[in-house]
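*Asks:* Here it is, the structure, as structure tokens.
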DNA sequence: AGTTTGAGAGTACGACTGTTCACTGACTCT
DNA sequence: AGAGTCAGTGAACAGTCGTACTCTCAAACT
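Residue numbers (the working numbering), protein chains in the order written: chain A, 17 to 220; chain B, 17 to 220.
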């Protein structure tokens, strides 16, 4: 039954991706709620009505963009968190974020912009993903010897602090551009080190 | 020469404020780049062309909203930072932010939404204000005995961490609504305490 | 081979947008 | 008292927008 991918389905996937790519490019200068369906199809070179074959509306496309942007990141973050000592984990985490901003700045800009943007379903999709990141970080922390004596709530508090800080760092890297990357990354590492210091003395 | 306020100018100020208020209300459900000039004037009950007597375009109105939202906050924050011991300062700061969110949630929502929004002048206006808050916090820290041995860069790093955390807290309070206020506030206090702990051991 | 399916094209619709221009008429200054 | 200013009006402009239709024709099925 393993029928070939299907020329038909492959073509459909291709234009669907083209719509998402075009939207992402338009979203560098505007926010989702002001990008029109027609604008996107025009950029792709497709009739406006073709849009409906792939997405219900622009909000639907936005949610798909969220999955594309953050879906693949869980594994990468997991790697960074598996790092043995604290210093290495900080360096690795910041490097992951910096690499993400470097290789796909448009995705990061989209996320920063729509995290509190005007389109509720997209906002919720991003919030869900970030909360999941928080849970993963908390789980990673819980497996460490330093976590002994910590309440689950405090672990979640710490994990949230890490995640929020990473989001702030990502958008700061974006604003600074490639030239300012090392400065922002250095700042982020110092902040994480300070937080890590606070963690070590939490139970005093 | 102290001529009366001027019925004329007073009336103008009044409709200008009405435009800003109407825009703010519309901005609870959309983002600035998708709110139209006509939409705002319609909400006020004024001809579309009257808008131009007060603002060049919606971006201009947005910048005015930023000043209105954050301009008056500097004094209030200064008070909180003048608090003697660390615990009191944390409590006071969080209380200030919580009060801001409680009394003018629409302003806070606007700021959170447009901080990374699609309208450049507004984004820059917010960034400028937040950077100024960072400078003020850093200056307050520098006056304390605990700041001995700290480099100016590290002080600014710490101040930025405080400010960024406050912004995150404000938008979390907004999302949670009045019922979740105490939970979020408690979380924010614990995070600030952890950061404060890191600060104390920074020079080890 | 013949039938069905479905991605995309094309047209048309009413509603809405920002901006222009000439205008009115109440307030302000001399 | 008379002239000037200027906040707000109202009509008209050329666009854009989302969506509802019908239609085509190549791929996928039987």
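Even glycine gets a Cβ: it sits at the ideal position worked out from N, Cα and C. Note that the coordinates shown come from a computational prediction; the quantities given were computed from them, not determined experimentally.
What is the DSSP secondary structure of residue 29 of chain B, reduced to helix, strand or coil?
*Replies:* Stepping through the second chain from its first residue, residue 29 of chain B is reached at position 13. In the structure shown, residue 29 of chain B sits in a helix (DSSP, three-state: H, G or I).
*Asks:* Quick check on DSSP: helix, strand or coil for residue 219 of chain A?
*Replies:* In the first chain, residue 219 of chain A corresponds to position 203, counting from 1. Coil, per DSSP.
*Asks:* If you follow the alpha helix (DSSP H) that residue 169 of chain A is in, where does it begin and where does it stop?
*Replies:* By one-based count along the first chain, residue 169 of chain A stands at place 153. Residues 168-192.
*Asks:* Could you pull out every residue in the same chain whose Cβ sits closer than 8 Å to the Cβ of residue 148 of chain A, ignoring the five residues on either side in sequence?
*Replies:* Indexing the first chain from 1 puts residue 148 of chain A at position 132. Around residue 148 of chain A: 90.
*Asks:* In the structure shown, what three-state DSSP assignment does residue 72 of chain B receive?
*Replies:* The count along the second chain starts at 1 and reaches residue 72 of chain B at position 56. Coil.
*Asks:* Alpha carbon to alpha carbon, how far is residue 46 of chain A from residue 33 of chain A? Give it in angstroms, no decimals.
*Replies:* In the first chain, counting from the first residue as 1, residue 33 of chain A sits at position 17. In the first chain, counting from the first residue as 1, residue 46 of chain A sits at position 30. One Cα belongs to residue 33 of chain A, the other to residue 46 of chain A, and the distance between them is close to 20 Å.
*Asks:* Going along chain A, which residues have a C-beta under 7 Å from residue 25 of chain B?
*Replies:* Taking the second chain and counting its residues from 1, the one referred to as residue 25 of chain B is at position 9. The premise fails here: residue 25 of chain B is roughly 34 Å from chain A at the closest Cβ pair, so nothing lies under 7 Å.
*Asks:* Classify residue 171 of chain A: buried if its beta carbon has 16 or more other beta carbons within 10 angstroms, exposed otherwise.
*Replies:* Locating residue 171 of chain A in the first chain gives position 155, counting from the first residue. With 16 or more Cβ atoms within 10 Å of its Cβ, residue 171 of chain A is classed as buried.
*Asks:* Out of A:193, A:156, A:201, A:180, which has the shortest C-alpha to C-alpha gap to residue 120 of chain A?
*Replies:* Your numbering for residue 120 of chain A matches position 104 in the first chain. Taking only the C-alpha atoms, the option nearest residue 120 of chain A is A:193.
*Asks:* Please report whether the beta-carbon of residue 206 of chain B lies at a distance below 7 Å from any beta-carbon of chain A.
*Replies:* As a position in the second chain, residue 206 of chain B is number 190, starting the count at 1. At least one chain A Cβ lies under 7 Å of residue 206 of chain B.
*Asks:* Rounded to the nearest angstrom, what separates residue 200 of chain A and residue 114 of chain A at their Cα positions?
*Replies:* Your numbering for residue 200 of chain A matches position 184 in the first chain. Your numbering for residue 114 of chain A matches position 98 in the first chain. Between the C-alpha atoms of residue 200 of chain A and residue 114 of chain A there is a straight-line separation of about 9 Å.
*Asks:* Note down, in chain order, each residue of its chain lying with its Cβ closer than 8 Å to the Cβ of residue 17 of chain B, except the 5 sequence neighbours on either side.
*Replies:* Within the second chain, numbered from 1, the residue matching residue 17 of chain B stands at position 1. Low confidence applies here, because residue 17 of chain B scores a pLDDT of 39, under 50, leaving its location unreliable and the question unanswered by this model.
*Asks:* Using a beta-carbon distance below 7 Å, is residue 210 of chain B in contact with chain A?
*Replies:* If you number the second chain from 1, residue 210 of chain B lands on position 194. Under the Cβ criterion of 7 Å, residue 210 of chain B is counted among the residues facing chain A.
*Asks:* Find the residues of chain A that neighbour residue 129 of chain B, judging by a C-beta separation of less than 8 Å, and give them in chain order.
*Replies:* Here residue 129 of chain B corresponds to residue number 113 of the second chain, with the count starting at 1. Chain A residues near residue 129 of chain B: 132, 133, 134.
*Asks:* If I measure Cβ to Cβ from residue 42 of chain B and keep anything under 7 Å in the same chain, skipping five residues before and after, which residues do I get?
*Replies:* To locate residue 42 of chain B, count along the second chain from 1; it is residue 26. Excluding residues within five positions, the ones whose Cβ falls inside 7 Å are 51, 55, 56, 59.
*Asks:* Between the stretch 150-163 of chain A and the stretch 122-138 of chain A, are three or more C-beta pairs nearer than 8 Å?
*Replies:* no
*Asks:* Would you tell me roughly how many angstroms separate the C-alpha atoms of residue 75 of chain B and residue 70 of chain A, rounded to the nearest one?
*Replies:* Locating residue 75 of chain B in the second chain gives position 59, counting from the first residue. Locating residue 70 of chain A in the first chain gives position 54, counting from the first residue. Cα-Cα distance, rounded: 33 Å.
*Asks:* On the criterion of 16 or more Cβ atoms from any shown chain inside 10 Å, does residue 26 of chain B qualify as buried, or is it exposed?
*Replies:* Along the second chain, read from residue 1 onward, the residue named residue 26 of chain B stands at position 10. Exposed is the call here.
*Asks:* Rounded to whole angstroms, what's the CA-CA distance from residue 73 of chain A to residue 79 of chain A? Just pull it up for me.
*Replies:* For the purposes of this step, residue 73 of chain A is identified with residue 57 of the first chain, where counting begins at 1. For the purposes of this step, residue 79 of chain A is identified with residue 63 of the first chain, where counting begins at 1. Residue 73 of chain A and residue 79 of chain A: Cα-Cα distance of roughly 10 Å.
*Asks:* Report yes if the CB atom of residue 186 of chain A is closer than 7 Å to the CB atom of residue 117 of chain A, and no otherwise.
*Replies:* Here the question's residue 186 of chain A lines up with position 170 in the first chain. Here the question's residue 117 of chain A lines up with position 101 in the first chain. In this structure, residue 117 of chain A lies closer than 7 Å to residue 186 of chain A by Cβ.
*Asks:* Note down, in chain order, all residues in the stretch 147-176 of chain B with a beta-carbon under 8 Å from any beta-carbon belonging to chain A.
*Replies:* So the close ones are 170, 173, 174, 176.
*Asks:* Return the first residue and the last residue of the alpha helix (DSSP H) that residue 116 of chain A is part of.
*Replies:* Along the first chain, read from residue 1 onward, the residue named residue 116 of chain A stands at position 100. 102-119 is the extent of the alpha helix (DSSP H) around residue 116 of chain A.
*Asks:* Which term fits residue 142 of chain A, buried or exposed, when burial requires 16 or more other beta carbons within 10 angstroms of its beta carbon?
*Replies:* For the purposes of this step, residue 142 of chain A is taken as the residue at position 126 of the first chain. Residue 142 of chain A comes out buried.
*Asks:* In whole angstroms, give me the CA-to-CA distance for residue 179 of chain B and residue 23 of chain A.
*Replies:* Counting from 1 along the second chain, the entry for residue 179 of chain B is found at position 163. Counting from 1 along the first chain, the entry for residue 23 of chain A is found at position 7. Approximately 53 Å between the Cα atoms of the pair.
*Asks:* For residue 145 of chain A and chain B, any beta-carbon pair shorter than 7 Å?
*Replies:* Within the first chain, the letter at position 129 stands for residue 145 of chain A. Residue 145 of chain A does not count as touching chain B.
*Asks:* Determine, for residue 50 of chain A, whether the minimum Cβ-Cβ distance to residues of chain B falls below 7 Å.
*Replies:* As a first step, residue 50 of chain A must be located in the first chain, where it is residue number 34. Taking Cβ atoms only, chain B reaches closer than 7 Å to residue 50 of chain A, which makes this a yes.
*Asks:* So is residue 85 of chain B in contact with chain A if we call contact Cβ pairs under 7 Å?
*Replies:* Reading the second chain from its first residue, position 69 is the one you call residue 85 of chain B. Taking CB atoms only, residue 85 of chain B has no neighbour in chain A less than 7 Å away.
*Asks:* Only counting the same chain, and skipping five residues up and downstream in sequence, which positions put a Cβ closer than 7 Å to that of residue 209 of chain A?
*Replies:* Translated into the one-based positions of the first chain, residue 209 of chain A becomes position 193. Cβ within range, chain order: 106.
*Asks:* Suppose you measure from the CA of residue 196 of chain A to the CA of residue 132 of chain B; what does that come to, to the nearest Å?
*Replies:* In the first chain, the residue the question calls residue 196 of chain A occupies position 180. In the second chain, the residue the question calls residue 132 of chain B occupies position 116. Rounded to whole angstroms, residue 196 of chain A to residue 132 of chain B spans 18 Å at the Cα level.
*Asks:* Using only CA atoms, which one of A:82, A:177, A:219, A:160 lies nearest to residue 150 of chain A?
*Replies:* In the first chain, counting from the first residue as 1, residue 150 of chain A sits at position 134. Closest option to residue 150 of chain A, Cα to Cα, is A:177.
*Asks:* Enumerate in chain order the residues of its own chain whose CB-to-CB distance from residue 226 of chain B is below 7 Å, with the five nearest sequence positions on each side excluded.
*Replies:* In the structure displayed, chain B extends from 17 to 220; residue 226 of chain B sits before or after that span and is not available.
*Asks:* Would you say residue 49 of chain A and residue 135 of chain A are within 7 Å of each other, going by their C-beta atoms?
*Replies:* Within the first chain, residue 49 of chain A is the residue found at index 33, counting from 1. Within the first chain, residue 135 of chain A is the residue found at index 119, counting from 1. In this structure, residue 135 of chain A lies closer than 7 Å to residue 49 of chain A by Cβ.
*Asks:* Determine whether the Cβ of residue 222 of chain A lies closer than 7 Å to any Cβ atom of chain B.
*Replies:* Missing from the structure shown is residue 222 of chain A; chain A here goes from 17 to 220 and no further.
*Asks:* Tell me whether residue 145 of chain B is buried or exposed, calling it buried when 16 or more other Cβ atoms sit within 10 Å of its Cβ.
*Replies:* Mapped onto the second chain, residue 145 of chain B falls at position 129. Residue 145 of chain B should be labelled buried.
*Asks:* Can you tell me whether DSSP reads residue 132 of chain A as helix, strand or coil?
*Replies:* Residue numbering aside, residue 132 of chain A sits at position 116 when the first chain is read from its first letter. Coil at residue 132 of chain A, not helix or strand.
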